[in-house]
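Here the protein sequences line up with chains Y and U, keeping their order.
Read left to right, the first sequence gives residues 20 to 313 (this note's numbering).
Read left to right, the second sequence gives residues 20 to 313 (this note's numbering).
We put the beta carbon where it would ideally sit given N, CA and C, even for glycine.
Since this is a predicted model, take the numbers as computed values, not measurements.
Working notes, structure below.
Number of protein chains: 2
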Amino acid sequence: MSATDDLSGYLIAPDPSARRLTRAVRGVDHEGRESEIAVVEERPLTIFLNGQEIVTAMTIGDYPEYLALGFLRNQGMLQDGEAIKGVDYDDDLETVVVRTDGQTSYEEKLKKKTRTSGCAVGTVFGDMMEGLEGVRLPEVQVRTSDLYALAHRINQTPSLYLQAGAIHGTVLCKGAQPLVYMEDVGRHNAVDKIAGWMLSEGAEAADKMLYTTGRLTSEMVIKTAMMGIPVLASRSGFTAWGVEIAQQVGLTLIGRMRGKRFMCLSGEERLLRDADPAAVPEEARKSGRKGAQG
Amino acid sequence: MSATDDLSGYLIAPDPSARRLTRAVRGVDHEGRESEIAVVEERPLTIFLNGQEIVTAMTIGDYPEYLALGFLRNQGMLQDGEAIKGVDYDDDLETVVVRTDGQTSYEEKLKKKTRTSGCAVGTVFGDMMEGLEGVRLPEVQVRTSDLYALAHRINQTPSLYLQAGAIHGTVLCKGAQPLVYMEDVGRHNAVDKIAGWMLSEGAEAADKMLYTTGRLTSEMVIKTAMMGIPVLASRSGFTAWGVEIAQQVGLTLIGRMRGKRFMCLSGEERLLRDADPAAVPEEARKSGRKGAQG
């Protein structure tokens with residue numbers, strides 16, 4: 020399974036040759052041989068909501084506007100229907116400012132919280148869980164033939180993941196078609212960039228699926244649910260709480276998806292098993308990705 | 020390479036059978052077979068510094084006191100020589116309060132920052148880089164025979180990593196001896212728990228090495244340098260900025276260490292190549308760990 024250049028159907032595909040995303044680093048291997056290795060970049064990006072500094076994220080640096088929008092949306096700091104006046108990225112200052120019409124409810128809350136406890140860092144997690152209350156995802160059938168086709172296609176798509184490693188990818192898909200493939204050093208940045216793209220495009224969520232190379236932790240499951248996407252699949256493992264939340268919101272959750280193998284942790288009744296696993300080839304060892312753990 | 024029960028020389032080793040760390044989760048595989056899988060837990064833990072709420076971390080839940088101490092230390096919120104009066108963990112409230120004699124300089128700074136910008140979230144990263152200024156690690160030789168021996172020994176040690184996956188491990192080592200092996204859902208929690216242990220025990224740093232399963236990003240390199248440990252090795256990849264910071268502070272950095280292979284990115288001149296790579300066996304496929312990516 021080697022990378023092909025067939026990018027048909029993609030709205031956004033990775034661009035592993037982009038100049039700013041990797042740097043040549045000199046290394047010496049176990050036999051003392053010197054070599055130059057293409058290594059992913061990592062840059063700070065400070066996100067502001069109106070006049071409020073929110074967080075500094077470490078990112079490869081592509082799509083800063085989508086990252087900022089998606090981060091604020093997934094943290095519950097931007098609500099549905101909040102009118103976004105502008106998203107301004109400053110390359111030199113390494114900042115993105117998201118501007119809304121008037122103050123957001125989050126800024127109001129932050130002020131109150133800051134007055135009472137002097138700090139707002141701890142609120143983020145509570146806010147995310149709060150945003151999840153009452154969420155029930157639409158019940159959609161998932162064809163295992165689509166799952167296999169997607170995993171195969173995504174593994175063959177040229178990416179920083181295949182070329183340089185030490186990075187995570189998240190792909191927004193519809194049926195057997197990958198649509199938007201984002202990568203980043205943090206697995207959360209990749210999913211936030213997808214959320215930012217969806218918000219900008221007003222994309223429908225109910226007919227989509229999310230595929231990620233990262234683990235299915237509580238935060239990843241919460242983000243997918245907040246985005247309204249009913250299916251989440253990964254080649255990696257999962258945590259107990261991730262599984263519990265998926266069951267609670269009706270998210271179809273599939274982990275350890277490699278070659279013909281997968282494990283369905285939630286939504287088994289929505290799987291349409293229309294593919295014969297015996298006909299699916301084992302994953303070639305080389306698509307086990309380069310130092311991508313972490 | 021299967022797990023052995025030889026824990027000689029370890030001061031703290033993983034306890035994969037501990038009741039609270041994993042939960043049995045029901046899954047259905049690609050062939051429709053049901054099974055019960057041991058899956059790692061993930062719990063929120065809110066860390067306070069005196070009266071100040073600092074952060075809510077997601078953790079497997081062991082060693083909460085070390086996690087809190089190490090987190091505060093690695094973020095530069097607790098300085099060297101700050102007198103720690105107590106570390107109180109409350110299991111029901113899922114909180115740890117670290118108490119110092121009098122207010123810390125961080126609390127002072129936080130108040131000022133909160134007054135001026137209304138929020139302190141964004142300061143954390145800046146503080147970490149600030150703490151690094153002028154840091155120059157001691158120059159120590161690293162034997163490749165020790166590197167190989169450590170990787171082999173750590174791979175054979177029973178762990179949540181081998182048993183359940185979806186988790187990261189960090190091991191404090193001296194020569195060829197692993198001493199303290201911590202695991203957690205977040206790779207940063209594992210290294211923070213090591214930092215907390217070192218702070219509690221007043222452990223020497225200059226003669227130690229850190230081995231991690233996670234990627235060598237800027238934050239991981241900064242934390243190791245802040246802890247005063249001169250060598251960092253990983254089975255995973257690295258980022259350009261991680262390599263740059265390692266060179267800047269004189270940290271010996273080794274990545275992609277699997278079987279006989281490794282790549283030295285910084286401190287090549289301090290490697291003592293006393294092992295013949297040809298004599299080191301390739302890593303058995305099964306020690307490629309269960310869904311640990313992420």
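ask   = Is the CB of Y/T189 under 8 Å away from at least one CB in chain U?
value = One-based indexing of the first sequence puts residue 189 of chain Y at position 170. Judged by the 8 Å Cβ criterion, Y/T189 is not in contact with chain U.
query = What residues of chain Y sit near U/R42, judged by a beta carbon separation below 8 Å?
reply = Numbered from 1 along the second sequence, position 23 holds the residue referred to as residue 42 of chain U. Simply A259.
ask   = Is the beta carbon of U/G188 less than 8 Å from the beta carbon of U/A209?
value = As a first step, residue 188 of chain U is located in the second sequence; it is residue number 169 there, counting from the start. As a first step, residue 209 of chain U is located in the second sequence; it is residue number 190 there, counting from the start. Taking 8 Å as the Cβ cut-off, U/G188 and U/A209 qualify as a contacting pair.
ask   = What's the C-alpha gap between U/L270 and Y/K104?
value = As a first step, residue 270 of chain U is located in the second sequence; it is residue number 251 there, counting from the start. As a first step, residue 104 of chain Y is located in the first sequence; it is residue number 85 there, counting from the start. The C-alpha of Y/K104 is placed about 46 Å away from the C-alpha of U/L270.
query = In terms of residues, what are the limits of the alpha helix (DSSP H) holding Y/Y85?
reply = In the first sequence, residue 85 of chain Y corresponds to position 66, counting from 1. Note, Y/Y85: alpha helix (DSSP H), 83-93.
query = What does Y/V59 touch in chain U if you count any residue whose Cβ is under 7 Å from its own?
reply = Taking the first sequence and counting its residues from 1, the one referred to as residue 59 of chain Y is at position 40. Per Cβ cutoff of 7 Å: T258, A259.
key: Under 9 Å from the C-beta of Y/L323: neighbouring residues of chain U   = Past the edges of chain Y, shown from 20 to 313, lies residue 323 of chain Y, and the structure says nothing about it.
query = Do you know offhand how far Y/T232's Cα is from Y/G274's?
reply = The residue given as residue 232 of chain Y occupies position 213 in the first sequence. The residue given as residue 274 of chain Y occupies position 255 in the first sequence. Taking the straight line from one Cα to the other gives about 10 Å.
message = At a CB distance below 7 Å, what residues from the stretch 65-81 of chain U approach chain Y? Give them in sequence order.
response = T65, Q71, E72, I73, V74, T75, M77
ask   = Looking at the unbroken alpha helix (DSSP H) that takes in Y/R280, where does it start and where does it end?
value = Taking the first residue of the first sequence as 1, we reach residue 280 of chain Y at position 261. No alpha helix (DSSP H) contains Y/R280, which is instead part of the beta strand (DSSP E) from 280-285.
message = What does the alpha-carbon distance come out to for the pair U/A102 and Y/D81?
response = The residue given as residue 102 of chain U occupies position 83 in the second sequence. The residue given as residue 81 of chain Y occupies position 62 in the first sequence. A direct Cα-to-Cα measurement between U/A102 and Y/D81 gives close to 44 Å.
ask   = Secondary structure at Y/V333, three-state DSSP: helix, strand or coil?
value = No answer is possible for residue 333 of chain Y: it lies beyond the span of chain Y, which begins at 20 and ends at 313.
ask   = Per DSSP, what kind of secondary structure is U/L251 in: helix, strand or coil?
value = Position 232 of the second sequence, counting from 1, holds the residue named residue 251 of chain U. Here U/L251 sits in strand by DSSP.
message = Quick check: is the beta carbon of Y/T236 nearer than 8 Å to any beta carbon in chain U?
response = Here residue 236 of chain Y is taken as the residue at index 217 of the first sequence, counted from 1. So, interface residue.
request  = Tell me whether U/D99 is buried or exposed, calling it buried when 16 or more other Cβ atoms sit within 10 Å of its Cβ.
outcome  = Start at 1 with the first residue of the second sequence, and residue 99 of chain U comes out as number 80. So U/D99 ends up on the exposed side.
request  = Evaluate contact between the stretch 226-244 of chain Y and the stretch 64-82 of chain Y, counting only Cβ atoms and requiring at least three cross-stretch pairs below 8 Å.
outcome  = no
key: Those runs of the alpha helix (DSSP H) which lie wholly inside the stretch 26-109 of chain Y and span at least 4 residues   = 83-93
request  = For the alpha helix (DSSP H) holding Y/D211, just list the boundary residues, first then last.
outcome  = Against the first sequence, residue 211 of chain Y aligns to sequence position 192. Segment 206-220, the alpha helix (DSSP H) holding Y/D211.
task = Name, going along the chain, the residues of the stretch 274-301 of chain Y whose beta-carbon falls closer than 7 Å to a beta-carbon of chain U.
result = G274, R275, K279, R280, F281, M282, C283, L284, E287, R292, P296
request  = Return the residue from the list U/E263, U/T65, U/V190, U/A183 that minimises the CA-CA distance to U/R42.
outcome  = By 1-based counting over the second sequence, the position of residue 42 of chain U is 23. Comparing Cα positions, the closest option is U/A183.
message = What does the alpha-carbon distance come out to for the pair Y/R155 and Y/D211?
response = Sequence index remark: in the first sequence, residue 155 of chain Y carries index 136 (1-based). Sequence index remark: in the first sequence, residue 211 of chain Y carries index 192 (1-based). Answer to the nearest angstrom: the Cα atoms are 21 Å apart.
query = Assuming U/R92 and U/L218 make a contact with CB atoms under 8 Å, what is their CB distance in whole Å?
reply = Position 73 of the second sequence, counted from the first residue, corresponds to residue 92 of chain U. Position 199 of the second sequence, counted from the first residue, corresponds to residue 218 of chain U. 6 Å between Cβ atoms; contact.
inquiry  = Between the alpha carbons of U/P197 and U/D25, how many angstroms are there, rounded?
reply    = For the purposes of this step, residue 197 of chain U is taken as residue 178 along the second sequence, with counting starting at 1. For the purposes of this step, residue 25 of chain U is taken as residue 6 along the second sequence, with counting starting at 1. Distance between the alpha carbons of U/P197 and U/D25: 12 Å.
message = Check whether chain Y comes within 8 Å of U/V161, counting only Cβ atoms and requiring the distance to be less than that.
response = By 1-based counting over the second sequence, the position of residue 161 of chain U is 142. By this cut-off, U/V161 is not an interface position.
query = Going by Cα to Cα distance, which pick from U/F257, U/E301, U/P33, U/I248 is closest to U/P157?
reply = Taking the second sequence and counting its residues from 1, the one referred to as residue 157 of chain U is at position 138. Closest option to U/P157, judged by alpha-carbon separation, among U/F257, U/E301, U/P33, U/I248: U/I248.
inquiry  = Determine, for U/I36, whether the minimum Cβ-Cβ distance to residues of chain Y falls below 8 Å.
reply    = On the second sequence, position 17 is the one that residue 36 of chain U refers to. Residue 36 of chain U is actually Ser in this sequence, not Ile. Cβ-Cβ to chain Y under 8 Å: no for U/S36.
request  = May I ask you to report which of helix, strand or coil DSSP gives U/I273?
outcome  = Within the second sequence, the letter at position 254 stands for residue 273 of chain U. Correct three-state label for U/I273: strand.
inquiry  = Just to confirm before moving on: does the CB-CB distance between Y/I241 and Y/L151 stay below 8 Å?
reply    = Here the question's residue 241 of chain Y lines up with position 222 in the first sequence. Here the question's residue 151 of chain Y lines up with position 132 in the first sequence. In contact: Y/I241 and Y/L151 (Cβ atoms closer than 8 Å).
query = Name the chain Y residues whose beta carbon is nearer than 7 Å to that of U/S164?
reply = Looking up residue 164 of chain U in the second sequence gives position 145. Here the premise fails: no neighbours, minimum Cβ distance about 12 Å.
query = Which residues, in chain order, does the stretch 164-185 of chain U contribute to contact with chain Y at a C-beta distance below 7 Å?
reply = Of all residues in the stretch 164-185 of chain U, G184, A185 have a Cβ within less than 7 Å of some Cβ in chain Y.
request  = Using a threshold of 8 Å, state whether the C-beta atoms of U/P296 and Y/E50 are closer than that.
outcome  = Your numbering for residue 296 of chain U matches position 277 in the second sequence. Your numbering for residue 50 of chain Y matches position 31 in the first sequence. Taking 8 Å as the Cβ cut-off, U/P296 and Y/E50 qualify as a contacting pair.
key: For U/M201, the three-state DSSP class (helix, strand or coil)   = As a working mapping, residue 201 of chain U is identified with position 182 in the second sequence. U/M201 falls in the strand class under three-state DSSP.
ask   = Do we get a CB-CB distance below 8 Å when we pair Y/V106 with the residues of chain U?
value = Start at 1 with the first residue of the first sequence, and residue 106 of chain Y comes out as number 87. For Y/V106, the answer is no, since every Cβ of chain U falls outside 8 Å of its Cβ.
task = Name the two residues that bound the continuous beta strand (DSSP E) containing Y/R118.
result = On the first sequence, position 99 is the one that residue 118 of chain Y refers to. Y/R118 -> beta strand (DSSP E) spans 114-119.
task = Starting from Y/V190, follow its DSSP beta bridges and name the residues at the other end.
result = As a first step, residue 190 of chain Y is located in the first sequence; it is residue number 171 there, counting from the start. DSSP lists Y/Y200, Y/Y230 as partners of Y/V190.
message = If we define contact as Cβ-Cβ less than 8 Å, is Y/T135 a contact residue for chain U?
response = If you number the first sequence from 1, residue 135 of chain Y lands on position 116. At Y/T135, the pLDDT of 42 sits below 50, so the modelled position is not reliable; the number obtained from the coordinates is stated separately. Closer than 8 Å: no.
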